[in-house]
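Remarks on the structure that follows.
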Amino acid sequence: MVHLASVKNDDEVFDPASRKIDSLSPIPDESEIYTNVYGSRFAAEHLPDHVMPEGEMPRQVAARMIRDELSLDGNPKLNLASFVTTYMEDEIEEIMTDSFSKNFIDYEEYPHSAEIQNRCVNMIARLFNCPTDPNGENAMGTSTIGSSEAIMLGTLAMKKRWQNKRKAEGKDWTRPNIVMNSAVQVCWEKAARYFDIEEKYVYCTESRFVIDPQQAVDLVDENTIGICAILGTTYTGEYEDVKAINDLLVERGIDCPIHVDAASGGFVAPFIQPDLAWDFRLEKVVSINVSGHKYGLVYPGVGWALWRSPEYLPKELVFNINYLGADQASFTLNFSKGASQVIGQYYQMIRLGKHGYRSIMVNLTRIADYMSDQLKQMGMIIMSQGKGKGLPLVAFRLPPNPDRVYDEFTVAHQLRERGWVVPAYTMAPHSEKLQMMRVVVREDFSMNRCDSLLIDVKLALQNLESMDEAMITKYQAHMRNHRAHPRHKQTHAQYQGEKHSLQGQHGKTHGVC
Ligand SMILES: *Cc1c(COP(=O)(O)O)cnc(C)c1O
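Everything in the sequence shown is counted per my numbering, starting at 94 for the first residue and increasing by one.
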């Protein structure tokens, strides 16, 4: 699917809906009065898709046409591929809708929205056990569009700080590198590439899908700006051992910061494993990101970036923006954005409190454990840890069987036909022989829904078992055709077969998150 759309050539464009009109002639449809949507001419015409139409369309017709098209998207509640929030209470939905027209960056005009962001930063920083000594270390933070932006900011801060140090020492500051697991989310590859930082990977193995702390610290050299540790990898949901990395750095007297990518785990671990030291309790952890729109329980897009103290957020990166009269320090990649998501985060934190978050996360953990047990009974191999040791998700694969002609991708497609989106993945480099499926247990995935899914998994397996090899081959061809639906336009030729990413080089499937 393309997010970067390529503009069609004119000879490919056929748009009956865009009739040319002379600027002085009457607008063609002015006299038409539509009394019903499906009786109007628009219902019988192709919707404009390449050229902006000259004429107008009645609002109820436009709205109905778009709604009807979107109804063919998947049902977000059945999308078990994503960590991103699909349920919020009506009360806050209404407030968020009312806030659509507020531009968050306009601090002068909307000082209360800015104040609400600052309250969120304070609460989240404390949840992550930040230092709060005004005469010593005192945490800083900002809202972002999501963890990706927060990770870009964290990476920039580490790079700039390293460069400043190298310049002060009169040393080469042109070849920065960063150490991370090959199972990182794609935004880390982007951050490194966009900001000219060499990627140094600790590779997964057939049995280890998290970073090896020793290997990570061994990779650190004088050009290393930092180590990324993931609190909840996207494949198996395991928490990387941040403390082991921290302790090795301390033990060896290495001056290298850690950034924790807590995109998913940041709102889970503090409630399920409060004693797990992964955050600012560890002296080498200088910055943390978390997605408000994952287990922070807010609709997309909101994320948070936090720094241990201003020392780790170099001055050159922060701009004092005097916007419409008020001065406000700003460290973001973009300028304007809606205020609704930040407000939504504040609602969730004061509405639920720690007790509310804990009871939700406990339920999700129980449901994930139940699902693991049931899938195990069906013969699946469970790859996630369960029992609250990692994220509330279930990663699993089919048992090894050389005679079986179908794989995880085939099972995923069968489930898709029942409306469930349960993705299949190829694991990260050096473990790419492994394929797996993953169900993310989100707030609105109750035990009842879990039971429905389990029944459908059983049916899918029975179905596939009943097919002979020829039928499976036919079915897989059908799957490929389905994916290449002509209406879902393909990537422009220039970007096809991209070979510079971990996915391009090793066939790693980037987890949907
Ligand atoms: C989701 C995720 C990201 C990207 O976060 P967004 O909020 O989607 O930008 C980065 N890292 C990890 C570990 C994730 O799970």
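Every residue, glycine too, gets a C-beta built ideally from N, C-alpha and C.
I need the boundaries of the beta strand (DSSP E) containing residue i, first residue and last residue.
i	result
Y518	517-519
G319	317-323
T237	233-237
M273	270-274
A398	396-400
Could you tell me the boundaries of the alpha helix (DSSP H) in which residue i lies?
i	result
H205	204-220
F364	362-365
Q596	595-599
G449	433-470
V154	152-163
L171	Where L171 is concerned, there is no enclosing alpha helix (DSSP H), given that its DSSP letter is neither H nor E.
K293	K293 -> not in any alpha helix (DSSP H); beta strand (DSSP E) instead, spanning 291-295.
Y287	279-287
F538	Looking at the DSSP string, F538 is not in any alpha helix (DSSP H), and its letter there is neither H nor E.
L508	501-510
E201	Here E201 belongs to no alpha helix (DSSP H), and DSSP marks it neither H nor E.
Q307	306-312
N129	First-last for N129: undefined, no H or E at that position.
N494	Careful: N494 lies outside any alpha helix (DSSP H) and carries neither H nor E.
M189	183-191
A337	335-344
Does residue i pass the burial test, meaning 16 or more other C-beta atoms within 10 Å, or should it be called exposed?
i	result
E558	exposed
L552	exposed
Q507	buried
D183	exposed
Y287	exposed
F193	exposed
Q438	buried
T566	exposed
I443	exposed
V272	buried
D372	buried
K264	exposed
Q598	exposed
S124	Since pLDDT at S124 reaches only 48, below the 50 mark, its modelled position is unreliable, and no value is offered.
T248	buried
M564	exposed
M94	Note that M94 has pLDDT 45, beneath the 50 cutoff, so the model's placement of it is unreliable and the number below is only indicative. Exposed.
E242	buried
A156	exposed
Y131	exposed
Q210	buried
Ligand 2 heavy atoms versus the CB of residue i: any closer than 8 angstroms?
i	result
I217	Absence of ligand 2 is noted for the structure shown, with ligand 1 being the only ligands found.
Can you tell me which residues form a DSSP beta bridge with residue i?
i	result
Q528	T519
D354	I323, N382
L486	V533
N196	G431
T225	N231
S423	F412
Y332	L324
V514	N172
Hey, does residue i have any beta-carbon neighbour from chain C nearer than 9 angstroms?
i	result
Q434	The chain labelled as chain C is not found in the depicted structure, where only one protein chain is given.
### Query
Hey, is the segment 387-402 in contact with the segment 237-247, meaning 3+ C-beta pairs nearer than 8 angstroms?
The segment 387-402, when compared against the segment 237-247, does touch it at the 8 angstroms Cβ threshold.
### Query
Would you call the segment 167-180 and the segment 379-393 in contact, with 3 or more CB pairs under 8 angstroms?
Short answer: they touch.
### Query
Do the segment 510-529 and the segment 289-304 touch if we need at least three Cβ pairs shorter than 8 angstroms?
Flag = yes, the segment 510-529 and the segment 289-304 touch.
### Query
Are there three or more Cβ pairs, one per stretch, closer than 8 angstroms when the segment 344-352 is compared with the segment 372-382?
They touch, by the three-pair rule.
### Message
Using a Cβ distance threshold of 8 angstroms, determine whether the segment 467-479 contacts the segment 439-456, with at least three qualifying pairs required.
### Response
No contact exists between the segment 467-479 and the segment 439-456.
### Task
Please specify which runs of the beta strand (DSSP E), each continuous and at least 3 residues long, are wholly inside the segment 241-272, giving them in chain order.
Listed in chain order, there is nothing to give.
### Query
At a cut of 8 angstroms, does the segment 270-286 reach the segment 527-537 through at least three beta carbon pairs?
Fewer than three pairs of CB atoms, one per stretch, sit closer than 8 angstroms, so the segment 270-286 makes no contact with the segment 527-537.
#### Entry: Any 3 or more C-beta pairs closer than 8 angstroms across the segment 477-493 and the segment 321-338
Judged by Cβ distances under 8 angstroms, the segment 477-493 makes contact with the segment 321-338, as three or more pairs qualify.
### Message
Count Cβ pairs between the segment 193-210 and the segment 354-363 that sit closer than 8 angstroms; are there 3 or more?
### Response
Taking a cut-off of 8 angstroms on C-beta distances, the segment 193-210 does not touch the segment 354-363, as fewer than three cross pairs fall below it.
#### Entry: Validate contact between the segment 248-264 and the segment 308-323 using beta carbons, cut 8 angstroms, 3 pairs
Look at the beta carbons and you see the segment 248-264 touching the segment 308-323: at least three pairs across the two are nearer than 8 angstroms.
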